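Undergrad: Here it is: the structure, laid out below.
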Amino acid sequence: MSPPPKLSRRSVTIGGIAAAGVAVVAGAAYELPKLFKHRAHGEYADLVNRLDDPDQAALLGKQVADAADGALREAASDIRTRLAHTSLPDLLAEDAASGRVNEIDGWVLPESLAQLCAMAALAQ
Amino acid sequence: MSAFIDARTVPAGTTIDTDLAIIGGGPAGISLALALAPSPVRMVLLESGGMHFDGKTQDLYAGSESGYPYLKLEGSRLRYLGGSTNHWGGWCRPLSEIDFEARDWLAHSGWPFARSEIEPYFKRAQSLVEAGSWIYDDGDAATETMGAPLKLGDGGVYTSWFQFSKMRGSVLPTHFGHRYADDLRRIPRLSLYSNANVTGLRLAPDAASLDRLDVATLTGKHFTVRPRITVLAAGAMENARLLLASNDVAARGVGNDNDVVGRYFADHPIPRDTATLVVFDGKLAPFYLTNATTKGAILRATFSPSEDYQRKRGALGSLTTVEGQVKLDETGQAAVAATASALGIDATGAKAWSMGCGLELAPDPNRRVTLGTERDALDMPRLKLQNRVADSNFAHYRETMKELGRQLLASRTGMIRLNQKSHADWLSVMDWGNHHMGTTRMSDDPKQGVVDADSNVHGVGNLYIAGSSVFPTYGASNPTMNLVALTLRLAAHLRKQFA
Numbered sequence: 001m002s003p004p005p006k007l008s009r010r011s012v013t014i015g016g017i018a019a020a021g022v023a024v025v026a027g028a029a030y031e032l033p034k035l036f037k038h039r040a041h042g043e044y045a046d047l048v049n050r051l052d053d054p055d056q057a058a059l060l061g062k063q064v065a066d067a068a069d070g071a072l073r074e075a076a077s078d079i080r081t082r083l084a085h086t087s088l089p090d091l092l093a094e095d096a097a098s099g100r101v102n103e104i105d106g107w108v109l110p111e112s113l114a115q116l117c118a119m120a121a122l123a124q
Numbered sequence: 001m002s003a004f005i006d007a008r009t010v011p012a013g014t015t016i017d018t019d020l021a022i023i024g025g026g027p028a029g030i031s032l033a034l035a036l037a038p039s040p041v042r043m044v045l046l047e048s049g050g051m052h053f054d055g056k057t058q059d060l061y062a063g064s065e066s067g068y069p070y071l072k073l074e075g076s077r078l079r080y081l082g083g084s085t086n087h088w089g090g091w092c093r094p095l096s097e098i099d100f101e102a103r104d105w106l107a108h109s110g111w112p113f114a115r116s117e118i119e120p121y122f123k124r125a126q127s128l129v130e131a132g133s134w135i136y137d138d139g140d141a142a143t144e145t146m147g148a149p150l151k152l153g154d155g156g157v158y159t160s161w162f163q164f165s166k167m168r169g170s171v172l173p174t175h176f177g178h179r180y181a182d183d184l185r186r187i188p189r190l191s192l193y194s195n196a197n198v199t200g201l202r203l204a205p206d207a208a209s210l211d212r213l214d215v216a217t218l219t220g221k222h223f224t225v226r227p228r229i230t231v232l233a234a235g236a237m238e239n240a241r242l243l244l245a246s247n248d249v250a251a252r253g254v255g256n257d258n259d260v261v262g263r264y265f266a267d268h269p270i271p272r273d274t275a276t277l278v279v280f281d282g283k284l285a286p287f288y289l290t291n292a293t294t295k296g297a298i299l300r301a302t303f304s305p306s307e308d309y310q311r312k313r314g315a316l317g318s319l320t321t322v323e324g325q326v327k328l329d330e331t332g333q334a335a336v337a338a339t340a341s342a343l344g345i346d347a348t349g350a351k352a353w354s355m356g357c358g359l360e361l362a363p364d365p366n367r368r369v370t371l372g373t374e375r376d377a378l379d380m381p382r383l384k385l386q387n388r389v390a391d392s393n394f395a396h397y398r399e400t401m402k403e404l405g406r407q408l409l410a411s412r413t414g415m416i417r418l419n420q421k422s423h424a425d426w427l428s429v430m431d432w433g434n435h436h437m438g439t440t441r442m443s444d445d446p447k448q449g450v451v452d453a454d455s456n457v458h459g460v461g462n463l464y465i466a467g468s469s470v471f472p473t474y475g476a477s478n479p480t481m482n483l484v485a486l487t488l489r490l491a492a493h494l495r496k497q498f499a
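Chain order of the listed sequences is A and B.
Under this note's numbering, residues 1 to 124 are what the first sequence spells out, in order.
Under this note's numbering, residues 1 to 499 are what the second sequence spells out, in order.
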């Protein structure tokens, strides 16, 4: 068995810089789409912009947006009130736990998420 | 040693006297003979076929179907020793307590006794179908080294468990004819007649008892069996056919004074691709996808509505399996991405699977078999099946799957797509379990059933019926192990009758 190679200070420094570079690039790759994600506008923008993935939500919400428009204002108000006291993930899990689910194209969703998807579609 | 006799060698015109005649060598008939083996009862077992498939014998099953699409009548069962265990899948699960209850939301439901009546016979039935140690809904603990059951939020659906029949050497599953032929040969007071087709149940002139059985072979031989007691164990279609066709003394057929014979036919619909299951982290324990061997049993996890849920929501029984992995379309990918991210879950490793199921049907007196005008090679009228399946049966199931979807979301584990909705949707994915049931249903009331709680045909003191034709309500569990347990209960009753 040969002894492990000694690391010089220079090689450690270069390695550290390289690692930091990789981390910056990786972080940017993860965060940049969020920075440049499509920002919603309009009546429901405050809610839609809480979604990590409003474009996907809009794609789903297109299927119900037309039919849902009338009831969405009331739903948005309810969600805003609830979000004052809880996070979006917890609000959605609460929906499911309390039996509040809706279907879009057969997909069973927390009721508030189904409404947010419809709002996302309208916001586009 | 018992006698295995080819009925084609019996001299025409012979009369055979016996204590007990068993019509049909399927799982019910064979289980009954084995259960009575230690008794002094002289038995004759009449099996239409031989040890192997024969096309001409199988053709005796042919009939016609109308209404909701169903299988060919000659294709959904097998007519030789072992009966339809010669092509069964080996899926075993005991009926639940609720399956025996009269449910106020389910017309015509309920057995004349509780599950506790057949409970003492389950272990022996389990042994006969060779399904290993009794685990079932203790499957979570039995498989803990293989992975955890899918985490579900509180609710009405839970991970339930099937077990599987296995033959010696783990050849799956148990074919009763081959498996028990030697055991039958060792019964000293049993005569097993192969190629022996019962063509008539002949009542005494007062119609209160069965006098004799007409037996025929496809080679043209005719002889008679004169038993003290007869057990009809020929399957749900043939049991009804024989009763209806034996109309020389009772014009509507044996046991059919109230026009119940042949009604309430049922099977388990097994529609495919009923739903898509998505698990956000992509991790699904292997026992959901394939059989897992552990603790002396072969297990498979499914999803079932709990009894409490069924009572609260008026749901029917169902057992949902996870099948092959599938790729999601654009909308599906959007649904998963939007839902998981909104729930704060990383779904980059999400996977999706198609789901299938077996469903309980609501009893329906107009889903029935009757006699047609065509005749078979033995001049017996062929059967006509009028099938009916109300869309409400599928609506019940859809609600149960929606509940499962809700529970997956509540636990942030995954989500579900309900793939079928309309009548046409369900029809396009329909298949059947080949689990014939209900045509000679059990009830204390002769106007509601053909047999009483002892499986004795109302009004015919020495005629009994074994098999799933007596199931008045069906549950979602596969019938074989349950009908064997019920047959063992009948054997206990008959032992007392002969004592």
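Glycine included, each C-beta is placed from N, C-alpha and C at the ideal position.
This one's a predicted model, so the numbers in the text were calculated from it and none came from an experiment.
Give the straight-line distance between the Cα atoms of Leu506 of chain B and Gly449 of chain B, rounded to the nearest whole angstrom.
TA: An answer regarding residue 506 of chain B cannot be provided, because it is not within the stretch 1 to 499 covered by chain B.
Undergrad: Met415 of chain B versus chain A: which residues are under 9 Å apart at the beta carbon?
TA: One finds Trp107, Val108, Leu109 in chain A with Cβ atoms closer than 9 Å to the Cβ of Met415 of chain B, taken in chain order.
Undergrad: Leaving out the 5 sequence neighbours to the left and right, which residues in its chain are closer than 8 Å to Trp107 of chain A when beta-carbon positions are compared?
TA: In the same chain as Trp107 of chain A, and ignoring 5 residues on each side of it, the C-beta atoms closer than 8 Å to its own belong to Leu60, in chain order.
Undergrad: Thinking C-alpha only, which one of B:Pro227, B:Ala125, B:Thr18 is nearest Leu486 of chain B?
TA: B:Ala125
Undergrad: My output table needs one value for Ser304 of chain B: the three-state DSSP class, helix, strand or coil.
TA: strand
Undergrad: With a threshold of 8 Å, are at least 3 pairs of Cβ atoms found where one atom belongs to the stretch 333 to 351 of chain B and the other to the stretch 369 to 387 of chain B?
TA: no
Undergrad: Measuring CB atoms only, is the stretch 263 to 274 of chain B touching the stretch 330 to 344 of chain B, in the sense that at least three cross pairs come out at less than 8 Å?
TA: no
Undergrad: On a CA-only basis, which of B:Gly139, B:Phe113, B:Arg300, B:Arg367 is nearest Asp454 of chain B? Give me that one, please.
TA: B:Phe113
Undergrad: Just to confirm the assignment, what range does the beta strand (DSSP E) spanning Ala464 of chain B have?
TA: Ala is not the amino acid found at residue 464 of chain B; the sequence shown has Tyr there. For Tyr464 of chain B, the enclosing beta strand (DSSP E) covers residues 463 to 465.
Undergrad: Give the straight-line distance between the Cα atoms of Leu113 of chain A and Asn291 of chain B, rounded to the nearest whole angstrom.
TA: 36 Å
Undergrad: Hey, how far is the Cα of Leu91 of chain A from the Cα of Leu83 of chain A?
TA: 7 Å
Undergrad: When you compare the CB positions of Pro305 of chain B and Ala297 of chain B, do they come within less than 9 Å of one another, or not?
TA: no
Undergrad: Any beta-carbon of chain A closer than 9 Å to the one on Met481 of chain B?
TA: No, Met481 of chain B lies away from the interface with chain A (no Cβ there is under 9 Å from its Cβ).
Undergrad: Counting only Cβ pairs nearer than 9 Å, list the residues of chain B close to Ala74 of chain A.
TA: Reading off the sequence, residue 74 of chain A comes out as Glu, not Ala. Result: empty, since nearest Cβ-Cβ is about 20 Å, beyond 9 Å.
Undergrad: Do we get a CB-CB distance below 9 Å when we pair Val198 of chain B with the residues of chain A?
TA: no
Undergrad: Leaving out the 5 sequence neighbours to the left and right, which residues in its chain are closer than 7 Å to Trp88 of chain B when beta-carbon positions are compared?
TA: Pro173, Thr480
Undergrad: Classify Ile345 of chain B as helix, strand or coil using the three-state DSSP reduction.
TA: coil
Undergrad: Could you tell me if the beta carbon of Met51 of chain B falls within a distance shorter than 8 Å of some heavy atom in the ligand GDP?
TA: This structure lacks the ligand GDP, and indeed carries no ligand of any kind.
Undergrad: Once DSSP output is grouped into helix, strand and coil, what is the label at Met119 of chain A?
TA: DSSP, reduced to helix, strand and coil, places Met119 of chain A within a helical segment of the structure shown.
Undergrad: Could you name the residues that DSSP lists as bridge partners for Ile416 of chain B?
TA: Per DSSP, B:Leu277.
Undergrad: Taking the alpha-carbon of Thr373 of chain B as reference, which of B:Gly63, B:Asn393, B:Ser422, B:Pro27 has the nearest alpha-carbon?
TA: B:Gly63
Undergrad: Apart from the five residues just before and just after Ala491 of chain B, which ones in its own chain have a Cβ nearer than 6 Å to its Cβ?
TA: Leu32, Ala35, Leu36
Undergrad: Are Thr439 of chain B and Ala236 of chain B touching if we call contact CB-CB under 9 Å?
TA: Yes, these two residues count as a Cβ contact at 9 Å.
Undergrad: Within 10 angstroms of the Cβ of Asn366 of chain B, are there 16 or more other Cβ atoms? Answer buried if so, exposed if not.
TA: exposed
Undergrad: Below 7 Å between beta carbons is the criterion; list the residues of the stretch 336 to 350 of chain B that meet it against any residue of chain A, in chain order.
TA: Contact residues of the stretch 336 to 350 of chain B toward chain A are Ala337, Ala338, Thr339, Ser341, Ala342, Leu343, Gly344 (C-beta to C-beta distance below 7 Å).
Undergrad: What does the Cβ neighbour count give for Val171 of chain B, buried or exposed, with the cut at 16 atoms within 10 Å?
TA: exposed
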